[in-house]
Every structure is written in C-alpha cells, then in structure tokens.
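One structure is given here, and the rest of the page talks about it.
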Ligand SMILES: [Zn+2]
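In the working numbering, the protein residues as written are -2 to 296.
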C-alpha cells in the first residue's frame, strides 16, 4: 500500500438481500496502531494480537449495555497469554505477554501459527460478561488450524453451533492497520426452504473467501464499496457503521480505590523507592502513588 489516507475505525454491519446471511466488517487504523504499538512486539505477535483485537471489536456489536466480551489465548509456549476485550459502544483493548528472551525464537519460527507460538496445549476462551445481574458465559476450544480465523471459526461451530466464516488481516508494517470480515448464516425460517438457505450460505462463503488482505486494509476502499464489490450480484444491505475506539477501564481513581482496600501493611509493602507503582498491562503505563497519597505516615 502506498496511500497515506487514514483508515477509519469502524464496524459496519450488513445483510445479504435474501436474508440468509448477515455479517460485519471491522476496519481499524489508529485504534489498531495504538494497541499494537504499545509494546515492541515481534511481527508475528503483532499479527496475532491485531487479528484478535479485530475479532473483539466485531463481537462488541452484539453486546447490550454494560457487557464485556473477552477473548483469551493461553498456553505454555513462547506466548503464555494474549487478552483482548471489547465493551458495549466499541471500546477495545488488548495485550500479549511476550518475554523479551523469546522474541528471537518467535521471529525464527518458519510457520508462526497461533499454535506454534502459544504451544501445542494452547486454547482459546471467549467470555461474555453481560452485566451485573446477568450470568457469565465462557466457551473454550483448543487452538486448531493455521490461523486465528480458523480457530475462531472452530470456536463458533463447536461452542455456539453457529455457521460463521471469519477473515482477518493486519498490515505488514507500521502504522498498523487491522481489519476483518465475519459472515454468519441466519437460521432457516418457514418462509424459505432449507435448500435456499444452504445455497445462499455456500454463495456467501465462496464470495467472502475471495476477499484479499489488501482489500480489507485499503483505506481508499470503504466498507460499503467493498461490500458492493463483493455482493452486488446478490444485493447487500449495509447498515450504519459504529465507531470503534481504544478504551481501558483502568483509571487512577480505580487503582487508588483498589490500593486503599488493602491493609496498611500491604500498602506499605508496595512502596519501593518512595512510591507504590501499579502497572496496567493493557496501557503499558504505571500509576505512581506516594506513601502520603496512600495514607501512610512517612517515617
Ligand atoms: Zn489501562
């Protein structure tokens, strides 16, 4: 890509005219870049984390007020943990835990699949926290396939009994762009035959499979134009886009409240070199508190 136009941070829902398939497109410029540039990640980790951030953003559109979707990948390989989450309204955050000593090993992987990086025992967990009075739901699947899109497709098929197809893309160089499309087969209704539904799904799968990463990441091709290019034969209804943003729920007030809920002895133990430091891994930022701010007498 040679253009310098900014890619917008948007989630665009759509539905194919026949009503059998719906989908969403997520495209993120500054939002993806902000999250992916917070640490000096090896390139394969940027790709993996960027894809997961796109997926979290996609899931945010099915949330009701106060809900949080969290995707975690855990294993005992070179990357022990990746966490991304999204809240109602489209604020996303995420980070990967990568120790500097493994960076070379990750870069040297001939085929850096999620499984190769996270380990053969790696798994993917998606948690829906629907709000204070609602039940928490978690689904877990082994990290299957060569890509995170494969693993997510596997997750939805196995854990949710949904037919979905996911494609994800992250730019090769900074500034980072990340994008993705997900289609979902709608349930059959009495008005349509199962044959029609099946046909429409096969068609949408085949067309979606032709999307290239360059198209998803092209800032000059907006989502409606891309959708029209793909589905103009069948017809596609494009709904208003939702804005996406970077959001973390850490705040100085919240951290201070957490510290003040600890005993004075524990608070005092946290003071090193004249201050207690609490690090937010999502923001890669530390909040410092002096002993007097923590209600400790300075001796
Ligand atoms: Zn934070």
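Every residue gets a Cβ at the ideal spot worked out from N, C-alpha and C, and that includes glycine. All of these numbers come straight from a predicted model, not from anything done at the bench.
Cβ distance (whole Å) where residue i is taken to contact residue j below 8 angstroms
| i | j | result |
| --- | --- | --- |
| residue 48 | residue 203 | Wrong, their Cβ atoms sit about 22 angstroms apart, outside the cutoff. |
| residue 61 | residue 127 | 7 angstroms |
| residue 87 | residue 216 | At roughly 19 angstroms, the Cβ-Cβ gap does not stay under 8 angstroms, so residue 87 and residue 216 are not in contact. |
| residue 109 | residue 41 | 4 angstroms |
| residue 80 | residue 51 | Not confirmed; about 15 angstroms, so no contact. |
| residue 285 | residue 11 | Residue 285 to residue 11, Cβ: 46 angstroms. No contact. |
| residue 34 | residue 171 | 7 angstroms |
| residue 74 | residue 115 | 5 angstroms |
| residue 8 | residue 293 | Rounded, the Cβ-Cβ distance is 46 angstroms, inconsistent with contact. |
| residue 85 | residue 64 | 5 angstroms |
| residue 314 | residue 265 | This structure does not reach residue 314, given that the chain is present from -2 up to 296, and the question cannot be answered. |
| residue 66 | residue 140 | Not quite, the Cβ-Cβ distance comes to about 18 angstroms (not below 8 angstroms), so this is no contact. |
| residue 205 | residue 162 | 6 angstroms |
Which listed residue (the options) has its alpha carbon closest to that of residue i
| i | options | result |
| --- | --- | --- |
| residue 231 | 18, 5, 2 | 18 |
| residue 280 | 186, 66, 245, 273 | 245 |
| residue 166 | 214, 108, 119, 135 | 214 |
| residue 91 | 164, 36, 234, 221 | 36 |
| residue 68 | 134, 220, 82 | 82 |
| residue 173 | 21, 45, 8 | 45 |
| residue 196 | 15, 8, 9 | 15 |
| residue 298 | 177, 200, 65 | No answer is possible for residue 298: the residues shown for the chain start at -2 and end at 296. |
| residue 263 | 239, 291, 139, 236 | 291 |
| residue 227 | 208, 242, 234, 237 | 208 |
| residue 76 | 282, 158, 117, 287 | 117 |
| residue 243 | 237, 31, 158 | 31 |
| residue 56 | 28, 89, 192, 38 | 89 |
| residue 247 | 124, 241, 255 | 255 |
| residue 78 | 283, 28, 111 | 111 |
| residue 136 | 151, 58, 294 | 151 |
| residue 59 | 189, 271, 288, 20 | 20 |
| residue 220 | 253, 179, 183, 259 | 179 |
| residue 160 | 103, 271, 199, 278 | 199 |
| residue 233 | 201, 130, 253 | 201 |
| residue 70 | 144, 238, 239, 190 | 144 |
Local Cβ density within 10 Å of residue i, reported as buried at 16 or more and exposed below that
| i | result |
| --- | --- |
| residue 194 | buried |
| residue 94 | exposed |
| residue 121 | buried |
| residue 6 | buried |
| residue 168 | buried |
| residue 299 | There is no way to answer for residue 299, as the model of the chain reaches only from -2 to 296. |
| residue 72 | buried |
| residue -1 | Unreliable positioning characterises residue -1 in this predicted model, as indicated by a pLDDT of 49, which lies under 50. The coordinate reading is nonetheless provided below. When all chains shown are included, residue -1 counts as exposed. |
| residue 134 | exposed |
| residue 261 | exposed |
| residue 251 | exposed |
| residue 157 | exposed |
| residue 269 | exposed |
| residue 164 | buried |
| residue 222 | exposed |
| residue 106 | exposed |
| residue 119 | buried |
Residue-chain proximity (residue i, chain C), Cβ-Cβ < 8 angstroms
| i | result |
| --- | --- |
| residue 152 | Looking at the structure shown, chain C is missing, and only one protein chain is on hand. |
Contained alpha helix (DSSP H) runs [length at least 4] in the region 96 to 163, N- to C-terminal order
100 to 105, 111 to 115, 145 to 157
Segments assigned beta strand (DSSP E), at least 3 residues, entirely inside the region 41 to 84
65 to 71, 78 to 84
Length at least 4, wholly inside the region 161 to 211: the alpha helix (DSSP H) runs in chain order
191 to 205
Can you list every residue whose CB sits closer than 5 angstroms to some heavy atom of ligand 1, going in chain order?
245, 247, 277, 279, 280
Run through the region 233 to 295 for me and flag every whole alpha helix (DSSP H) of 4 or more residues, listed as ranges in chain order.
249 to 257, 261 to 267
For the region 1 to 35, list the beta strand (DSSP E) runs that are entirely contained and at least 3 residues long, ordered along the chain.
7 to 13, 18 to 25
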